[in-house]
Amino acid sequence: MTQMVLSGDEAVAQAALDAGVAGAFAYPGTPSTEIMEYLQEHIGKEAGVDAAPGLRDVSTRVAQWCSNEKTAYESALGVSFVGRRAMVSMKHVGLNVAMDPFVNSALVRIHGGLVVVVADDPSMHSSQNEQDSRLLADFARVPCFEPSDQQEAYEMTRSAFDYSEAHEVPVLLRITTRLAHARALVTTAPAGAVRNLGKTDDPYAWILMPAMARKRWAALLAKQATFKADADAASRLELGSKELGVVTCGLGRAYYMENVGDWAQAHGGERPTHLHIGRYPVGVGKIEALVSRVGRILVIEEGYPYVERELRGIFGAPVPIAGKMTGEIPLAGELSADSVRAALGLPPRGGVAAPAIGVPARPPQFCQGCPHADSFTALKKALEGEAEFFSASDIGCYALAAQPPWNAIESCVDMGASVGMARGAASVGQKRAIGVIGDSTFYHSGITNLIDAVKYRTPMTLVILDNGTTAMTGAQPTIGAASTLPALLEGLGVEKEHIRVLEAHRRALDADVAAIREELAYDGVSVIVMVRECIEWLKKVRKS
Ligand SMILES: Cc1ncc(C[n+]2csc(CCOP(=O)(O)OP(=O)(O)O)c2C)c(N)n1
Ligand code: SF4
Numbered sequence: 000m001t002q003m004v005l006s007g008d009e010a011v012a013q014a015a016l017d018a019g020v021a022g023a024f025a026y027p028g029t030p031s032t033e034i035m036e037y038l039q040e041h042i043g044k045e046a047g048v049d050a051a052p053g054l055r056d057v058s059t060r061v062a063q064w065c066s067n068e069k070t071a072y073e074s075a076l077g078v079s080f081v082g083r084r085a086m087v088s089m090k091h092v093g094l095n096v097a098m099d100p101f102v103n104s105a106l107v108r109i110h111g112g113l114v115v116v117v118a119d120d121p122s123m124h125s126s127q128n129e130q131d132s133r134l135l136a137d138f139a140r141v142p143c144f145e146p147s148d149q150q151e152a153y154e155m156t157r158s159a160f161d162y163s164e165a166h167e168v169p170v171l172l173r174i175t176t177r178l179a180h181a182r183a184l185v186t187t188a189p190a191g192a193v194r195n196l197g198k199t200d201d202p203y204a205w206i207l208m209p210a211m212a213r214k215r216w217a218a219l220l221a222k223q224a225t226f227k228a229d230a231d232a233a234s235r236l237e238l239g240s241k242e243l244g245v246v247t248c249g250l251g252r253a254y255y256m257e258n259v260g261d262w263a264q265a266h267g268g269e270r271p272t273h274l275h276i277g278r279y280p281v282g283v284g285k286i287e288a289l290v291s292r293v294g295r296i297l298v299i300e301e302g303y304p305y306v307e308r309e310l311r312g313i314f315g316a317p318v319p320i321a322g323k324m325t326g327e328i329p330l331a332g333e334l335s336a337d338s339v340r341a342a343l344g345l346p347p348r349g350g351v352a353a354p355a356i357g358v359p360a361r362p363p364q365f366c367q368g369c370p371h372a373d374s375f376t377a378l379k380k381a382l383e384g385e386a387e388f389f390s391a392s393d394i395g396c397y398a399l400a401a402q403p404p405w406n407a408i409e410s411c412v413d414m415g416a417s418v419g420m421a422r423g424a425a426s427v428g429q430k431r432a433i434g435v436i437g438d439s440t441f442y443h444s445g446i447t448n449l450i451d452a453v454k455y456r457t458p459m460t461l462v463i464l465d466n467g468t469t470a471m472t473g474a475q476p477t478i479g480a481a482s483t484l485p486a487l488l489e490g491l492g493v494e495k496e497h498i499r500v501l502e503a504h505r506r507a508l509d510a511d512v513a514a515i516r517e518e519l520a521y522d523g524v525s526v527i528v529m530v531r532e533c534i535e536w537l538k539k540v541r542k543s
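Residues in the sequence shown are numbered from 0 upward in steps of one, following numbering that gives the first Met the number 0.
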């Protein structure tokens with residue numbers, strides 16, 4: 000047993016290493032990125048080399064960034080199929096991209112343990128939405144584990160591999176931003192070896208043709224009672240006051256523990272009866288015990304009112320239930336010690352109010368010398384005097400161009416959408432329809448939209464901002480080298496003379512503006528690749 004100071008992400012990664020994971024795959028996204036970074040660094044050390052992408056240690060372990068979450072998921076499935084342990088990690092919206100393999104893989108007979116780590120981002124610190132992955136696990140009918148601290152993140156990840164193998168099902172491990180990034184002391188258990196179970200002996204276990212899929216679906220449904228019973232056994236009920244029962248889930252437990260002492264002090268020293276739930280689908284045994292004991296219930300959970308809805312659904316609310324649905328806990332945003340305190344009916348904590356300081360707001364800006372700034376200067380200049388245009392964009396550092404002083408893009412919805420949106424608009428007559436996308440996002444999911452544009456010869460211009468990296472999430476490597484883009488674009492069917500590779504630099508401004516104007520005037524698909532390295536990435540490369 001060793002003690003280590005680990006963030007939630009690192010605890011998950013360390014547990015995967017100790018559980019004998021053979022294949023780990025991911026696409027970057029805050030707050031899950033550090034899982035793969037930790038795995039690469041440590042697998043690199045085991046292999047006797049410094050951290051580098053796509054590491055392999057003597058052919059037993061691999062940790063790789065992939066093009067997107069779907070490709071990452073499918074690689075993990077292959078590892079499981081051949082009898083080794085696999086992990087795939089992503090941020091919450093990444094699971095939308097991987098939804099097809101995720102939901103379908105719930106039906107196959109998972110062989111080597113498969114753990115799907117999804118990091119949710121309540122409060123949208125760096126995301127487009129705050130969806131709750133517990134509901135997607137429920138949708139796929141797979142078990143979901145939700146740790147409440149870094150120690151549990153370690154322990155649950157290890158047990159998730161065992162559970163996945165025992166029940167032949169993927170296990171979703173849900174973490175949230177604060178847990179993913181905060182550090183705590185974690186006690187690790189002895190590491191297991193990388194095992195090889197070989198291929199499964201059932202020739203139809205992974206074939207989801209209708210006749211087999213119906214059987215597999217029935218098998219998955221039959222497992223639900225076990226999942227619930229196991230979740231019930233794993234939940235913890237501490238008897239206390241009969242007046243109030245508190246249900247906590249995941250990190251909600253930490254906020255509750257910060258306040259429970261004060262609640263007890265105000266209630267004759269007695270704490271509420273407390274049920275902590277860390278696994279789903281929710282089991283009913285301990286909930287029944289709680290409901291029959293207390294006069295009212297407060298549910299503290301991060302994300303959607305998932306358990307709260309289950310409680311109301313199961314029992315038709317025989318006792319009053321407070322939570323997100325009734326407004327005691329805010330429906331939007333992450334939990335805090337203060338919001339939980341208010342929900343417990345406690346007065347605000349004392350303290351010294353900070354004096355108001357008139358600091359001007361500082362919205363995020365491009366770094367000094369950022370290549371995207373020069374690209375947008377050129378694009379805006381090329382559009383000067385044009386009354387009609389549509390500048391669809393995407394997610395990456397370049398989304399900062401939505402704000403003043405740039406105001407150069409009009410959309411930022413989901414990865415790859417810029418290309419499809421420009422194409423859709425152009426196909427119904429929008430003039431000068433432009434898609435602006437980063438290189439990593441283009442490889443992630445811009446490519447397929449471009450194939451549609453080529454097929455229909457849609458009059459649009461795609462601007463790929465090739466800064467050589469996935470800058471927004473901390474400069475991870477882009478899956479394709481910059482030099483491969485023109486050949487790839489040509490291979491997709493974009494005409495060679497309308498693939499323009501330009502330097503994203505102010506010294507090339509006039510030439511860039513002229514080239515962009517020419518391509519905007521072209522009545523077909525044109526692609527402009529604006530090339531210059533991200534400053535932050537260069538710093539990172541030079542340091543290493
Ligand atoms: C489905 C999904 N996966 C991951 C992310 C996290 N994310 C946001 S932008 C981005 C990529 C940015 O790289 P790139 O397009 O090259 O632009 P750059 O930041 O380098 O300018 C990632 C991984 C996300 N928002 N959605
Ligand atoms: S991190 Fe790189 S791409 Fe992002 S704003 Fe800074 S220089 Fe530009």
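In this text, a Cβ means the ideal position worked out from N, Cα and C, and glycines have one as well.
Residue i lies in the beta strand (DSSP E); which residues open and close that run?
i: Val247; result: It should be noted that the sequence gives Thr, not Val, for residue 247. Here the beta strand (DSSP E) through Thr247 covers 240-248.
i: Gly22; result: 20-25
i: Thr70; result: Looking at the DSSP string, Thr70 is not in any beta strand (DSSP E); the run it does join, the alpha helix (DSSP H), is 68-80.
Assign residue i to one of three DSSP states: helix, strand, or coil.
i: Val544; result: Nothing can be reported for residue 544, as the shown portion of the chain is limited to 0 through 543.
i: Gly267; result: coil
i: Met324; result: coil
i: Val298; result: strand
i: Ile394; result: coil
i: Gln429; result: coil
i: Tyr279; result: strand
i: Thr187; result: strand
i: Leu537; result: helix
i: Leu196; result: coil
i: Glu309; result: helix
i: Met35; result: helix
i: Ile123; result: Position check: residue 123 holds Met in this sequence, whereas Ile was assumed. Looking at Met123 - three-state DSSP - the assignment turns out to be coil, as it is neither helix nor strand.
i: Tyr546; result: Because residue 546 is not part of the residues shown, which for the chain are 0 to 543, the question remains open.
i: Thr29; result: coil
i: Ile42; result: helix
i: Asp201; result: coil
i: Val418; result: helix
i: Asn128; result: coil
I'd like the span of the alpha helix (DSSP H) that includes residue i, first residue to last.
i: Val290; result: 284-292
i: Met208; result: From DSSP, Met208 is part of no alpha helix (DSSP H); its letter is neither H nor E.
i: Arg545; result: Lying before the first or after the last residue shown, residue 545 is absent from the chain, which here runs from 0 to 543.
i: Met414; result: Unbroken run through Met414: none, as it is neither H nor E.
i: Gln150; result: 149-166
i: Val102; result: 98-104
i: Ser132; result: 132-139
Buried or exposed, going by whether 16 or more other CB atoms sit within 10 Å of the CB of residue i?
i: Ser482; result: exposed
i: Gln13; result: buried
i: Ala165; result: exposed
i: Ser6; result: buried
i: Asp49; result: The predicted model places Asp49 with a pLDDT of 49, which falls under 50 and marks its position as unreliable; any figure quoted below should be read in that light. That one is exposed.
i: Gln149; result: buried
i: Pro363; result: exposed
i: Val493; result: buried
i: Ala455; result: With the sequence shown as reference, residue 455 is identified as Tyr, and Ala is not the correct amino acid for it. By the 10 Å Cβ count, Tyr455 comes out exposed.
i: Ala18; result: buried
i: Arg83; result: buried
Give me whichever residues DSSP pairs with residue i in a beta bridge.
i: His273; result: Glu237, Val245
i: Ala12; result: Its beta-bridge partners do not exist; DSSP assigns none.
i: Gly434; result: Ala391, Leu461
i: Ile174; result: Ala118
i: Phe441; result: Answer is none; Phe441 lacks a bridge partner.
i: Val4; result: Leu184
i: Val87; result: Phe24, Val115
i: Phe144; result: Leu172, Arg278
| query | What are the uninterrupted segments assigned as beta strand (DSSP E) that are 3 or more residues long and contained completely in the segment 446-533, given in chain order? | reply | Every beta strand (DSSP E) of 3 residues or more that sits fully in the segment 446-533 is shown, in chain order, as 459-465, 498-502, 524-530.
| Which residue spans inside the segment 329-411 form an unbroken alpha helix (DSSP H) run of at least 4? | List check, alpha helix (DSSP H) in window: 336-342, 370-382.
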